[in-house]
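2 protein chains.
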Amino acid sequence: MMVLERKERKKRRIPRQKRRVQVSREKLLQAARLVFSEKGMDATRIDEITERADLGKGTFYNHFTGKGDLIRHLMKDVLDELAGDLNEHCREQSELPQLLDAIIMVHINFFSKRWEDYVLYFQGRADLHLTHSYSGIDTPFIKYLETIEELIDSAIQSKISKAVLRRIACAVVGFVSGYYSFAIIATEGEDVDKALGSLRSALVAGLVKFINEALPRTAEENDRVVR
Amino acid sequence: MMVLERKERKKRRIPRQKRRVQVSREKLLQAARLVFSEKGMDATRIDEITERADLGKGTFYNHFTGKGDLIRHLMKDVLDELAGDLNEHCREQSELPQLLDAIIMVHINFFSKRWEDYVLYFQGRADLHLTHSYSGIDTPFIKYLETIEELIDSAIQSKISKAVLRRIACAVVGFVSGYYSFAIIATEGEDVDKALGSLRSALVAGLVKFINEALPRTAEENDRVVR
DNA sequence: GTCATAAGTGACGATATAGTCAGAAATGAA
DNA sequence: TTCATTTCTGACTATATCGTCACTTATGAC
Numbered sequence: 026m027m028v029l030e031r032k033e034r035k036k037r038r039i040p041r042q043k044r045r046v047q048v049s050r051e052k053l054l055q056a057a058r059l060v061f062s063e064k065g066m067d068a069t070r071i072d073e074i075t076e077r078a079d080l081g082k083g084t085f086y087n088h089f090t091g092k093g094d095l096i097r098h099l100m101k102d103v104l105d106e107l108a109g110d111l112n113e114h115c116r117e118q119s120e121l122p123q124l125l126d127a128i129i130m131v132h133i134n135f136f137s138k139r140w141e142d143y144v145l146y147f148q149g150r151a152d153l154h155l156t157h158s159y160s161g162i163d164t165p166f167i168k169y170l171e172t173i174e175e176l177i178d179s180a181i182q183s184k185i186s187k188a189v190l191r192r193i194a195c196a197v198v199g200f201v202s203g204y205y206s207f208a209i210i211a212t213e214g215e216d217v218d219k220a221l222g223s224l225r226s227a228l229v230a231g232l233v234k235f236i237n238e239a240l241p242r243t244a245e246e247n248d249r250v251v252r
Numbered sequence: 026m027m028v029l030e031r032k033e034r035k036k037r038r039i040p041r042q043k044r045r046v047q048v049s050r051e052k053l054l055q056a057a058r059l060v061f062s063e064k065g066m067d068a069t070r071i072d073e074i075t076e077r078a079d080l081g082k083g084t085f086y087n088h089f090t091g092k093g094d095l096i097r098h099l100m101k102d103v104l105d106e107l108a109g110d111l112n113e114h115c116r117e118q119s120e121l122p123q124l125l126d127a128i129i130m131v132h133i134n135f136f137s138k139r140w141e142d143y144v145l146y147f148q149g150r151a152d153l154h155l156t157h158s159y160s161g162i163d164t165p166f167i168k169y170l171e172t173i174e175e176l177i178d179s180a181i182q183s184k185i186s187k188a189v190l191r192r193i194a195c196a197v198v199g200f201v202s203g204y205y206s207f208a209i210i211a212t213e214g215e216d217v218d219k220a221l222g223s224l225r226s227a228l229v230a231g232l233v234k235f236i237n238e239a240l241p242r243t244a245e246e247n248d249r250v251v252r
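Chains as they are written, first to last, in my numbering: chain A, 26 to 252; chain B, 26 to 252.
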């Protein structure tokens, strides 16, 4: 009896109703992504999102408490997924230059087919500068930064302070996003990889140089810190 | 008589009325700068600007046709002044590394005491990614880019295509703004210059490497392109 | 001082957007 | 099928913001 009931539950683990809710939610998030990338988060109105999602306005409030709530979820989703990709593809790189190159490549691959998410990411970064912004945006950004910090920390042998590590991670992120935003503007439709090959290696070289100089170390440690 | 009249005009070249208009206009622009840096351009309402400027709402429309108009003027002012600083302080640098370092320093010096303008600049860059943004924002950005292009063009001896030059300028701007945004986030109140010394040189090194590789040149030209 | 002109003002009507809620539609259990 | 429960809906109200305009104030010519 008990076993039978469990089997029943497993058979159709996700009932239609639950699925419907999920579908609506996804529609809303996806629609918001699109509209945000066209008009910006602030200028977007709720109606535009629900209309694009082909749902009634009330549905929006069934899923989110307001625009800020949706933005928080969206930002968290994007940054968590990006952090996931970073963990997946960069863990194996123990050499700093290769690691940095891998980090850059993950960003490029992640955003190259997801323009909306890139715009969201960039706008989120811009909003971090404001004193009155959407609350809660910073949390997923910090988590994302910490992911990069962990990767870099494990690639360098020397013990390093939290503050310096944060500084390095910010440099990486700042450069990568600046670099990527350039790539977007400069190369319209052309093959991004080719145009950016030398820039990527230049970026890695600059970052390695920076990290080496940022590391607190004595003379005799110099040769075993970074290759 | 004619001479006298001219003298009269010169004596009080700017009549009080004109000055009053200028003062109001400046008040509005300054207030907008402040509010924009707190809430972002989109989220800011006209009343907030006029209230901050301590002026009536109608005055705003005496000076600007709407928020977009004001934003255009603001963006143009900031970028023109930045371009002016670039021209003033970087003209004499004929060596590429020194030139790039000078360009970076101009940005740092320009923004370090003008937080509002930095936020504006960053938001403007973010808005360039949107399909429906404030119209006319791109023009001053292009002019600013062209200023950097001219500087770099005169520092490298080889003839270079407009497209490659634009790409290089975008790289410089992207890196510098990414770099600066990192600096802002990472160093709170600390002396920015010290913390960023090595990063600056790393950035210059990376950019020089990138530019060298981006230059179309034959083997025999290699040694006279960039020192 | 007087007056014509320019600039500033803020209450007001028009418009737009947010958030709600009573009813419609879908779902799933019996 | 029936019906209780969940989700969706979009018309509606309340609120917020815009842009205007009749009026006030400041300016400068005479």
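Don't be surprised by glycine CBs; every beta carbon is placed ideally from N, CA and C.
Handout entry: Selected residue, minimal CA-CA separation from B/S202, among B/R77, B/I133, B/S62 and B/M100
Key = As a working mapping, residue 202 of chain B is identified with position 177 in the second sequence. If we check each option's Cα against that of B/S202, B/I133 comes out closest.
Practice task
With 8 Å as the threshold, decide whether the Cβ of B/H132 is near any Cβ in chain A.
Solution key: Counted from its first residue, the second sequence places residue 132 of chain B at position 107. Closer than 8 Å: no.
Practice task
Establish whether the CB of A/A68 and some CB of chain B are separated by less than 8 Å.
Solution key: Sequence index remark: in the first sequence, residue 68 of chain A carries index 43 (1-based). Look at A/A68: its C-beta is under 8 Å from a C-beta on chain B.
Handout entry: Cβ shell of B/K101 (< 6 Å), same chain only, five flanking positions each side left out
Key = In the second sequence, the residue the question calls residue 101 of chain B occupies position 76. Hits under 6 Å: P165.
Exercise for the section: For A/S223, name the three-state secondary structure that DSSP assigns. Expected result: Numbered from its first residue, the first sequence carries residue 223 of chain A at position 198. DSSP, read as helix, strand or coil, puts A/S223 in helix.
Problem - Beta-carbon spacing of B/V189, B/L125 below 8 Å - result: Here residue 189 of chain B refers to the residue found at position 164 when the second sequence is read from its first residue. Here residue 125 of chain B refers to the residue found at position 100 when the second sequence is read from its first residue. For B/V189 and B/L125, no; Cβs fall outside 8 Å.
Practice task
Evaluate B/Y86 with the Cβ neighbour count: other Cβ atoms within 10 Å of its Cβ, from every protein chain shown; 16 or more gives buried, anything less gives exposed.
Solution key: For the purposes of this step, residue 86 of chain B is taken as residue 61 along the second sequence, with counting starting at 1. Classification for B/Y86: exposed.
Exercise for the section: State yes or no: is the C-beta of A/Q118 nearer than 7 Å to some heavy atom of the ligand MG? Expected result: No copy of the ligand MG appears in this structure; indeed no ligand is present at all.
Practice task
With a threshold of 16 other CB atoms inside 10 Å of the CB of B/K168, please say whether the residue is buried or exposed.
Solution key: The residue you call residue 168 of chain B lines up with position 143 of the second sequence. Burial is judged here by how many other beta carbons sit within 10 angstroms of a residue's own beta carbon; B/K168 has fewer than 16 and is exposed.
Exercise for the section: Would you please verify whether the beta carbon of B/E171 is less than 8 Å from any beta carbon of chain A? Expected result: Position 146 of the second sequence holds residue 171 of chain B. Not one chain A Cβ lies under 8 Å of B/E171.
Problem - Three-state class that DSSP yields for B/L240 in the structure shown - result: Taking the first residue of the second sequence as position 1, residue 240 of chain B is located at position 215. B/L240: coil per DSSP, three-state reduction.
Handout entry: Cβ-based contacts, 8 Å cut-off: residues of the stretch 149 to 170 of chain A near chain B
Key = R150, A151, D152, L153, H154, L155, T156, H157 and S158
Practice task
Check the Cβ of B/G199 against every Cβ in chain A and list those closer than 7 Å, keeping chain order.
Solution key: Residue mapping note: residue 199 of chain B aligns to position 174 of the second sequence, counting from 1. Residues of chain A passing the Cβ test: G203, Y204, S206 and F207.
Exercise for the section: Look at the alpha carbon of A/E113 and the alpha carbon of B/A127, and state the distance between them as a whole number of angstroms. Expected result: In the first sequence, counting from the first residue as 1, residue 113 of chain A sits at position 88. In the second sequence, counting from the first residue as 1, residue 127 of chain B sits at position 102. Straight-line Cα distance between these residues: approximately 40 Å.
Handout entry: C-alpha distance - A/Y159 paired with A/C115, whole-angstrom precision
Key = What you label residue 159 of chain A is simply residue 134 of the first sequence in a count that begins at 1. What you label residue 115 of chain A is simply residue 90 of the first sequence in a count that begins at 1. Taking the straight line joining both Cα atoms gives about 31 Å.
Handout entry: Candidates A/R41, A/R44, A/K43 and A/R97, of which the one nearest A/A57 by Cα
Key = Sequence index remark: in the first sequence, residue 57 of chain A carries index 32 (1-based). The shortest C-alpha separation from A/A57 is found at A/R97.
Problem - Burial state of B/K187 (16 or more Cβ within 10 Å) - result: In the second sequence, residue 187 of chain B corresponds to position 162, counting from 1. The residue is exposed, with fewer than 16 neighbouring Cβ atoms inside 10 Å.
Problem - Limits of the unbroken alpha helix (DSSP H) element including B/P122 - result: As a position in the second sequence, residue 122 of chain B is number 97, starting the count at 1. Run containing B/P122: L121 to S137, per the alpha helix (DSSP H) assignment.
Problem - Sub-8 Å separation of A/I185 and A/L121 beta-carbons - result: As a working note, residue 185 of chain A is residue 160 in the first sequence. As a working note, residue 121 of chain A is residue 96 in the first sequence. The Cβ-Cβ distance between A/I185 and A/L121 does not fall below 8 Å.
Problem - Test: B/G93 CB closer than 8 Å to a CB of chain A - result: For the purposes of this step, residue 93 of chain B is taken as the residue at position 68 of the second sequence. Judged by the 8 Å Cβ criterion, B/G93 is not in contact with chain A.
Handout entry: Spatially closest choice to A/N237 from A/G81, A/I177, A/S223 and A/L221, by CA coordinates
Key = Within the first sequence, the letter at position 212 stands for residue 237 of chain A. Nearest option by C-alpha distance: A/I177.
Practice task
Starting from the C-beta of B/L111, find all residues in its chain whose C-beta is less than 7 Å away, skip the five residues before and the five after it, and write them out in chain order.
Solution key: Residue mapping note: residue 111 of chain B aligns to position 86 of the second sequence, counting from 1. Answer for B/L111: I128, V131, T172, I173 and L176, listed in chain order.
Practice task
Determine the direct distance from the alpha carbon of B/L104 to that of B/Y146, and round the result to whole angstroms.
Solution key: By one-based count along the second sequence, residue 146 of chain B stands at place 121. By one-based count along the second sequence, residue 104 of chain B stands at place 79. Roughly 8 Å separates the two Cα atoms.
Exercise for the section: Could you tell me whether the Cβ of B/A108 comes closer than 8 Å to any Cβ of chain A? Expected result: Taking the first residue of the second sequence as position 1, residue 108 of chain B is located at position 83. Chain A contact via Cβ: absent.
Practice task
Report the rounded CA-to-CA distance for A/K234 versus B/L228, giving the unit in angstroms.
Solution key: As a first step, residue 234 of chain A is located in the first sequence; it is residue number 209 there, counting from the start. As a first step, residue 228 of chain B is located in the second sequence; it is residue number 203 there, counting from the start. Between A/K234 and B/L228, the C-alpha separation is close to 9 Å.
Practice task
Give a yes or no on whether 8 Å exceeds the smallest Cβ distance from A/K234 to chain B.
Solution key: By one-based count along the first sequence, residue 234 of chain A stands at place 209. Closer than 8 Å: yes.
Handout entry: Rounded Cβ spacing between A/L224 and A/Y205 (contact assumed at less than 8 Å)
Key = The sequence position of residue 224 of chain A within the first sequence is 199, counting from 1. The sequence position of residue 205 of chain A within the first sequence is 180, counting from 1. That belief does not hold up - the Cβ atoms of A/L224 and A/Y205 are roughly 10 Å apart, past 8 Å.
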